[in-house]
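Just below is one structure, and these are the notes that go with it.
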Ligand code: FBP
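Numbering (the numbering used here), first residue to last: 5 to 258.
Dropping the structure here:
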């Protein structure tokens with residue numbers, strides 16, 4: 005039975021802001037991102053549950069096996085596609101590995117889908133996402149697009165003009181929220197946000213930085229008009245993840 009089309013962002017937005025804990029790096033990068041603590045999903049689920057996040061982004065295997073560790077404590081953002089770091093990026097493609105129906109069965113509050121804008125295989129991802137977006141919206145689920153310029157035609161993935169292009173593509177494909185890589189400055193962020201129109205913009209955290217350096221980046225992201233972050237490594241790789249989450253939260257919601 006399908007839910008009515010709501011067009012609302014539901015639980016993943018609080019006071020107009022979004023703060024998602026991303027934990028799909030095990031597939032995207034491999035266990036190289038982990039240590040003996042954060043390789044255990046129970047550890048990161050607890051951070052998701054206690055860190056004041058508006059969403060927890062994972063693949064379906066983590067969602068199913070660890071449901072008791074996060075369910076009812078933090079909204080679930082289910083990633084519907086994924087790839088490994090082993091395959092060359094020239095023709096970057098992230099295949100769909102989970103259906104919208106399964107996301108609903110797992111209790112998802114939103115779905116996530118990665119598009120590599122500019123890749124020779126972008127057309128396949130556009131088509132896949134087009135079908136997902138229609139179905140997810142029929143179920144009343146908001147759609148978050150991880151929109152990353154990538155592939156042989158993209159010499160610099162972080163080029164601010166390319167990041168703005170990727171944000172615009174997500175708006176035009178019907179995403180409710182677009183997740184981009186931080187384009188490097190407050191002004192560049194403002195252009196990304198303007199390009200995304202009514203599609204809300206959140207930024208990835210990126211690889212682990214020193215605490216103060218990262219918190220300044222969070223301030224810049226928000227000063228650029230973003231509505232929040234989907235952050236992973238800078239929280240669960242931190243020695244004091246809940247303290248870090250509290251500081252990020254203070255900037256995003258403050
Ligand atoms: P981080 O905050 O750890 O950078 O996570 C954000 C994220 O988008 C993850 O959801 C995803 O696994 C990863 O970055 C993708 O990174 P890459 O750009 O290396 O493919």
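Don't be surprised by glycine CBs; every beta carbon is placed ideally from N, CA and C.
Residue 257 to residue 206, Cα distance in whole Å?
The residue given as residue 257 occupies position 253 in the chain shown. The residue given as residue 206 occupies position 202 in the chain shown. Distance from the CA atom of residue 257 to the CA atom of residue 206, rounded to whole angstroms, is 13 angstroms.
Beta-carbon contacts of residue 212 that lie in its chain and below 7 angstroms, excluding the five residues immediately before and after
Stepping through the chain shown from its first residue, residue 212 is reached at position 208. Its chain contains 237, 238 and 241 as the residues whose beta carbon lies nearer than 7 angstroms to that of residue 212, once the 5 sequence neighbours on both sides are disregarded; these appear in chain order.
Beta-carbon spacing of residue 194, residue 144 below 8 angstroms:
Position 190 of the chain shown, counting from 1, holds the residue named residue 194. Position 140 of the chain shown, counting from 1, holds the residue named residue 144. Taking C-beta atoms as the reference points, residue 194 and residue 144 fail to come closer than 8 angstroms.
Any idea which residues DSSP pairs residue 60 with across the strands?
The residue given as residue 60 occupies position 56 in the chain shown. Under DSSP, residue 60 forms a beta bridge with 25 and 80.
Would you give the residue range spanned by the beta strand (DSSP E) that residue 207 belongs to?
Within the chain shown, residue 207 is the residue found at index 203, counting from 1. Run containing residue 207: 204 to 208, per the beta strand (DSSP E) assignment.
Using a 10 Å radius around the Cβ and a threshold of 16 neighbouring Cβ atoms, would you call residue 220 buried or exposed?
What you label residue 220 is simply residue 216 of the chain shown in a count that begins at 1. Exposed: under 16 other Cβ atoms inside 10 Å.
Comparing alpha-carbon positions, which option in 152, 112, 54 and 111 lies nearest residue 98?
In the chain shown, counting from the first residue as 1, residue 98 sits at position 94. Out of 152, 112, 54 and 111, 152 has the C-alpha closest to the C-alpha of residue 98.
Measuring from the CB of residue 234, is there a heavy atom of ligand 1 at a distance below 7 angstroms?
For the purposes of this step, residue 234 is identified with residue 230 of the chain shown, where counting begins at 1. Yes.
Which residue from 12, 50 and 65 puts its Cα closest to that of residue 109?
The residue you call residue 109 lines up with position 105 of the chain shown. Residue 109 has its Cα closest to that of 65, out of 12, 50 and 65.
Put residue 264 into one of helix, strand or coil per three-state DSSP.
It is not possible to answer for residue 264, since the shown part of the chain is limited to 5 through 258.
Could you tell me which whole beta strand (DSSP E) segments of length 3 or greater appear in the region 136 to 207?
Counting whole runs of 3 or more residues, the region 136 to 207 contains the beta strand (DSSP E) stretches 147 to 153 and 181 to 184.
Quick one: what's got a C-beta closer than 6 angstroms to residue 204's C-beta in the same chain, skipping five residues either side?
For the purposes of this step, residue 204 is identified with residue 200 of the chain shown, where counting begins at 1. Contacts found: 181 and 231.
In whole angstroms, give me the CA-to-CA distance for residue 150 and residue 184.
Here residue 150 refers to the residue found at position 146 when the chain shown is read from its first residue. Here residue 184 refers to the residue found at position 180 when the chain shown is read from its first residue. Using only the alpha carbons, I get a separation of about 6 angstroms.
Just how far apart, CA to CA, sit residue 23 and residue 16?
Mapped onto the chain shown, residue 23 falls at position 19. Mapped onto the chain shown, residue 16 falls at position 12. Those two C-alpha atoms are separated by around 8 angstroms.
So, residue 70 versus residue 49, is the Cβ gap smaller than 8 angstroms?
The residue given as residue 70 occupies position 66 in the chain shown. The residue given as residue 49 occupies position 45 in the chain shown. Contact: yes.
How many Å lie between residue 79 and residue 43 at the Cα?
Residue 79 sits at position 75 when you count from the first residue of the chain shown. Residue 43 sits at position 39 when you count from the first residue of the chain shown. Using only the alpha carbons, I get a separation of about 21 angstroms.
What's the C-alpha gap between residue 209 and residue 217?
Indexing the chain shown from 1 puts residue 209 at position 205. Indexing the chain shown from 1 puts residue 217 at position 213. Between residue 209 and residue 217, the C-alpha separation is close to 12 angstroms.
Taking C-alpha atoms, which residue in 131, 28, 114 and 169 lies nearest to residue 200?
For the purposes of this step, residue 200 is taken as residue 196 along the chain shown, with counting starting at 1. Among 131, 28, 114 and 169, the Cα nearest to that of residue 200 belongs to 169.
If you draw a straight line from the C-alpha of residue 37 to the C-alpha of residue 189, how long is it?
The sequence position of residue 37 within the chain shown is 33, counting from 1. The sequence position of residue 189 within the chain shown is 185, counting from 1. Their backbone Cα atoms lie some 26 angstroms apart in a straight line.
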